[in-house]
Amino acid sequence: MSVLVELTIFPTDKGTSVSPYVARVVNIIRESGLPCLLGPMGTCLEGEWEEVMAVVTKCYRELEIDCDRIYMLMKADCRKGAVDRLEGKVQSVEAKL
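The opening residue of the sequence shown carries number 574 in our numbering; numbering runs sequentially from there.
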């Protein structure tokens, strides 16, 4: 089953700017080879459940190394037989505007 996930994950014990930690997570997501899209409040990624959840776990494990408190928010949309939803969902709405 295809899953489209928006992941927000960052440490809450590292001061005001956490962009270096977010960059570490985004690198993991990009290196996974899964389709992804960086946004201002989270990163979307698309794939099969097991592969997406493996990337989410890897992101968590990366921050766990040197962070004592981690905030994570994940939204998921699972749909059988769907492909290219990362761009397709946006295009569908744009076409109706």
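Think of the CB as a built atom: it goes at the ideal place given N, C-alpha and C, for glycine as much as any other residue.
Check: What are the start and end residues of each continuous alpha helix (DSSP H) run of 4 or more residues lying completely inside the stretch 616 to 667, in chain order?; Outcome: 622 to 637
Check: Based on DSSP bridge pairs, tell me the residues matched to Pro584.; Outcome: Ile643
Check: Can you tell me the Cβ-Cβ gap for Gly606 and Glu579, rounded? I've got them flagged as a contact below 8 Å.; Outcome: Going by Cβ atoms, the distance from Gly606 to Glu579 rounds to 18 Å, so no, they are not a contact pair.
Check: Please report how far the alpha carbon of Tyr644 lies from the alpha carbon of Pro613, in whole angstroms.; Outcome: 16 Å
Check: Can you tell me the Cα-Cα spacing of Gln664 and Arg597, whole angstroms?; Outcome: 29 Å
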